[in-house]
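**Student:** Below is one structure. I have some questions about it.
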Amino acid sequence: MKPQLKQRLGDLLVSQEILSEEQLTQALTAQRSGGRKLGRTLIDLGFIAEEQLLSFLSRQLNVPFVDISARRLDPNAVKLLPEMHARRFRALVIDADDSQATVAMSDPADLAAYDAIVPMLAPRRLELALVTESQLFEGIDSLYRQTDRIASIAGELQQEHQQEQAFDLASITAKDADNDATVVRLLNSIFEDAIRIRASDIHIEPGDKELRIRQRVDGQLQETVLTEYGIASALVLRIKLMASLDISEKRIPQDGRFHFEVGKHQLDVRVSTMPVQFGESVVMRLLDQSAGLLELEQTGMPKEIIARLRHQINRPHGMILVTGPTGSGKTTTLYAALNELNKPNTKIITVEDPVEYRLRRINQVQVNPKIGLGFSEVLRTTLRQDPDIIMVGEMRDRETAEIGLRGAITGHLVLSTLHTNDAITSTLRLIDMGAAPYLVASALRAILAQRLVRRICPRCGEAHKPTPSQLAWLRYIQPQLAHESLAYRQGRGCQYCNHTGYRGRIGVFEMLELDEPMVEALRRGCPDEFAKAVRRSGQFRPLVDSALEYAVQGITSIEDAMRLAEDVSELASPLIDRAREMRD
Numbered sequence: 000m001k002p003q004l005k006q007r008l009g010d011l012l013v014s015q016e017i018l019s020e021e022q023l024t025q026a027l028t029a030q031r032s033g034g035r036k037l038g039r040t041l042i043d044l045g046f047i048a049e050e051q052l053l054s055f056l057s058r059q060l061n062v063p064f065v066d067i068s069a070r071r072l073d074p075n076a077v078k079l080l081p082e083m084h085a086r087r088f089r090a091l092v093i094d095a096d097d098s099q100a101t102v103a104m105s106d107p108a109d110l111a112a113y114d115a116i117v118p119m120l121a122p123r124r125l126e127l128a129l130v131t132e133s134q135l136f137e138g139i140d141s142l143y144r145q146t147d148r149i150a151s152i153a154g155e156l157q158q159e160h161q162q163e164q165a166f167d168l169a170s171i172t173a174k175d176a177d178n179d180a181t182v183v184r185l186l187n188s189i190f191e192d193a194i195r196i197r198a199s200d201i202h203i204e205p206g207d208k209e210l211r212i213r214q215r216v217d218g219q220l221q222e223t224v225l226t227e228y229g230i231a232s233a234l235v236l237r238i239k240l241m242a243s244l245d246i247s248e249k250r251i252p253q254d255g256r257f258h259f260e261v262g263k264h265q266l267d268v269r270v271s272t273m274p275v276q277f278g279e280s281v282v283m284r285l286l287d288q289s290a291g292l293l294e295l296e297q298t299g300m301p302k303e304i305i306a307r308l309r310h311q312i313n314r315p316h317g318m319i320l321v322t323g324p325t326g327s328g329k330t331t332t333l334y335a336a337l338n339e340l341n342k343p344n345t346k347i348i349t350v351e352d353p354v355e356y357r358l359r360r361i362n363q364v365q366v367n368p369k370i371g372l373g374f375s376e377v378l379r380t381t382l383r384q385d386p387d388i389i390m391v392g393e394m395r396d397r398e399t400a401e402i403g404l405r406g407a408i409t410g411h412l413v414l415s416t417l418h419t420n421d422a423i424t425s426t427l428r429l430i431d432m433g434a435a436p437y438l439v440a441s442a443l444r445a446i447l448a449q450r451l452v453r454r455i456c457p458r459c460g461e462a463h464k465p466t467p468s469q470l471a472w473l474r475y476i477q478p479q480l481a482h483e484s485l486a487y488r489q490g491r492g493c494q495y496c497n498h499t500g501y502r503g504r505i506g507v508f509e510m511l512e513l514d515e516p517m518v519e520a521l522r523r524g525c526p527d528e529f530a531k532a533v534r535r536s537g538q539f540r541p542l543v544d545s546a547l548e549y550a551v552q553g554i555t556s557i558e559d560a561m562r563l564a565e566d567v568s569e570l571a572s573p574l575i576d577r578a579r580e581m582r583d
């Protein structure tokens, strides 16, 4: 039976005193000029909350109002209605069997949509449910992933390969190549799926009898396995062509980049290929240029650390390091700092591999070791270019570290990154690389260590009682936090977070500013004394403490705080041991 209001929606809302006559008149005027439906216009104008409107419609239409965010929907039922029609009619099949289908709609009074959906789901009887528009589109984005389309196109490509036995390189490389070429459509679908689920990296890994496509979302890999393993060579070939790599060379690793547009997203894609047992593995890092540069306040850094970092980056000389493992947001933080320092009266030169974001007024140099243009070579020339500030993409070897440190003590502000897991071990890493302890002590001003922990999903987060092992760990780290009464939380899993319990990440930071006792310990090359001086410092707060604060606030989970603590401690011990050996 069709859902139908006995009166017009606006009149009903006025008769129930939910809306005033003046508000209805204003909404109808806005509706005529904007072309939107009355319900959406009322919500956008702030005259009524979406949940209030849907609860009202639920009673009037005798249609249940459902919360689908925490429900694990059957993908087979969902796909009874094609994605194009689901988006057009704002409808989602949330349950189905052979005799009936339950369809959630944001506007079940839309009779045109109802009439269009009925024949698509025939012979099933149609039952309607009400859902908020935000939940509806989150469900569509989550459930209509491109995985089926990817598998379908991969099957087409496999058939072409079997028929031709070889791919026509000329047709693939031709400038006027058909955009509907199967391999291009496959790549488009892979990128669309990656953007939809907010992936930072795409891994293409050929196996003996399968092809794995893995995407890193919030630091964790999600896997799609294709049985069409024979298409790997065509896929890799197309990527290498787009990245201007040597398609005839399959024996050595190669690096490149290309630009790619997916809807409104402008992607800068960094490509790395590596020969493996069954072909070539490809990893693509996705950098969304349309997102723009962040301000320091947008990085998630606490206000107290922002103030201290601002003080350091506005000093005339010295070295400031931003440290952390790959994918911890170091480059994002450095670019935010450069964005703030970028002024007409300041000469800034960056030495990067690769240049990730193009910055106005800043002289950015892309290193190229193949022609002898490495970090150390560029850095030597940079010091002769009269810079005020130098940014070195990464301290990779002794020569680069020493040139950067000497530049910092000769009147330049040097910003750089280092692959260590916390601030204390960063000084030890520089010494371990071969930099003289006295040089590190003289040049280094501050170290900002950072990591990313996963945010608990705001839709399905719920109270969490710590397990016995978690309580034991908390007693060891911070006994005052080992109480079940504290408001710890954990994600249950829902459509919004793809049933992982997490949605997005947040930065965890520790700031170390060197004082006289720390500098003196460094000059003498005493790692134990340096660590003790750091811990005696009143301003230093370890990464684990910051992560635990987020756990107490219900932003992240105890599990993620424990994982961070384990990573930090595992890396710190070997470095401290090596530093002791060098001193002795």
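Numbering of the sequence shown is given in numbering that gives the first Met the number 0, commencing with residue 0 and proceeding in unit increments. Backbone N, C-alpha and C fix where the C-beta goes; we use that ideal spot for every residue, glycine too. All figures in this text were calculated on a predicted structure; none of them were measured in a lab.
What residues match up with SER415 in a beta bridge as DSSP calls it?
**Tutor:** LEU320, VAL391
**Student:** Quick check on the burial criterion: 16 or more other C-beta atoms within 10 angstroms. Buried or exposed for THR24?
**Tutor:** exposed
**Student:** DSSP three-state label for ALA165, please.
**Tutor:** Bear in mind that a pLDDT of 45 at ALA165, under 50, signals an unreliable position, so the number given afterwards is only what the model happens to contain. Three-state DSSP puts ALA165 in coil, outside helix and strand.
**Student:** Using CA atoms only, rank isn't needed, just tell me which of LEU473, ARG309, HIS498, LEU286 is closest to ALA198.
**Tutor:** LEU286
**Student:** Looking only at DSSP bridge pairs, what is TYR501 linked to?
**Tutor:** ILE455
**Student:** What is the residue span of the alpha helix (DSSP H) that VAL216 lies within?
**Tutor:** Run containing VAL216: none in the alpha helix (DSSP H); it sits in the beta strand (DSSP E), 210 to 216.
**Student:** Do the CB positions of ARG395 and ILE319 come within less than 9 Å of each other?
**Tutor:** Note that the C-beta distance between ARG395 and ILE319 is not below 9 Å.
**Student:** Which residues mark the beginning and the end of the alpha helix (DSSP H) in which PRO74 is found?
**Tutor:** 74 to 77
**Student:** Tell me the rounded alpha-carbon separation between PRO315 and LEU340.
**Tutor:** 12 Å
**Student:** Assess contact between the stretch 327 to 335 and the stretch 404 to 423, defined as three or more Cβ pairs (one per stretch) separated by less than 8 Å. Is contact present?
**Tutor:** yes
**Student:** What is the residue span of the beta strand (DSSP E) that ARG89 lies within?
**Tutor:** Taken as a continuous stretch (DSSP letters only), ARG89 belongs to no beta strand (DSSP E), as it is neither H nor E.
**Student:** When burial is assigned at 16 or more other CB atoms within 10 Å of the CB, is VAL182 buried or exposed?
**Tutor:** buried
**Student:** What's the C-alpha gap between LYS208 and THR272?
**Tutor:** 20 Å
**Student:** How many angstroms separate the CA atom of PHE259 from the CA atom of GLN265?
**Tutor:** 6 Å
**Student:** Any idea if ILE370 is buried or exposed, counting beta-carbon neighbours within 10 angstroms, 16 or more meaning buried?
**Tutor:** ILE370 is exposed by the Cβ-count criterion.
**Student:** Got a sec? Which residues, its chain only, sit under 8 Å from ALA76 by beta carbon, not counting five neighbours each side?
**Tutor:** VAL92, ILE93, ASP94, ALA95, ALA100
**Student:** Hey, how far is the Cα of TYR495 from the Cα of LEU53?
**Tutor:** 20 Å
**Student:** What did DSSP end up calling ASP267 once you bin it into helix, strand or coil?
**Tutor:** In this structure, DSSP gives ASP267 an extended state, which the three-state scheme calls strand.
**Student:** Would DSSP call ILE575 helix, strand or coil?
**Tutor:** Legend: pLDDT at ILE575 = 41, less than 50; position of this residue unreliable, no value from coordinates given.
**Student:** Cβ of GLY506 within 9 Å of Cβ of ARG562?
**Tutor:** no
**Student:** With burial defined as no fewer than 16 other Cβ atoms inside 10 Å of the residue's Cβ, what is the status of ASP583: buried or exposed?
**Tutor:** Any answer about ASP583 is weak, because its pLDDT of 47 lies below 50 and its placement is not dependable; what the coordinates show is given next. By the neighbour-count rule (16 or more Cβ atoms within 10 Å), ASP583 is not buried but exposed.
**Student:** Report the option in PHE190, GLN214, TYR228 whose CA atom is closest to the CA atom of PRO205.
**Tutor:** Nearest option by C-alpha distance: TYR228.
**Student:** Taking the continuous alpha helix (DSSP H) assigned at ASN187, which residues delimit it?
**Tutor:** 181 to 195
**Student:** With a CB to CB cut of under 6 Å and the five nearest residues on each side skipped, what residues in its chain are close to PHE508?
**Tutor:** MET300, ILE304, GLN449
**Student:** Tell me where the alpha helix (DSSP H) around ASP10 begins and ends.
**Tutor:** Looking at the DSSP string, the run of the alpha helix (DSSP H) that includes ASP10 is 8 to 14.
**Student:** So, at 7 Å on beta carbons, what are the nonlocal neighbours of GLY255 in its own chain, with the 5 sequence-adjacent residues on each side left out?
**Tutor:** ALA242, SER243, LEU244, VAL270
**Student:** I'd like the list of long-range same chain contacts for GLU132, defined as Cβ closer than 8 Å, with 5 residues on each side in sequence excluded.
**Tutor:** ARG39, GLU49, ARG89, SER105
**Student:** Please classify MET432: does DSSP put it in a helix, a strand, or coil?
**Tutor:** Coil.
**Student:** Does the Cβ-Cβ distance between LEU56 and ALA111 come in under 9 Å?
**Tutor:** Going by beta carbons, LEU56 and ALA111 fall outside the 9 Å limit.
**Student:** Taking all protein chains shown into account, decide if GLN15 is buried (16 or more other Cβ within 10 angstroms of its Cβ) or exposed.
**Tutor:** exposed
**Student:** Per DSSP, which one or two residues make a beta bridge with ARG124?
**Tutor:** GLN99
**Student:** Between the stretch 425 to 437 and the stretch 509 to 525, do at least 3 Cβ pairs fall closer than 8 Å?
**Tutor:** yes
**Student:** Taking a contact to mean a Cβ-Cβ separation below 9 Å, would you say ALA407 touches ALA442 in this structure?
**Tutor:** yes
**Student:** If I follow the unbroken beta strand (DSSP E) through MET283, where does it start and stop?
**Tutor:** Counting along the chain, MET283 sits inside the beta strand (DSSP E) bounded by residues 278 to 287.
**Student:** Let me know if HIS411 comes out buried or exposed under the rule of 16 or more other beta-carbons within 10 Å of its beta-carbon.
**Tutor:** buried
**Student:** Is the stretch 345 to 358 close to the stretch 377 to 394, with three or more CB pairs under 8 Å?
**Tutor:** yes
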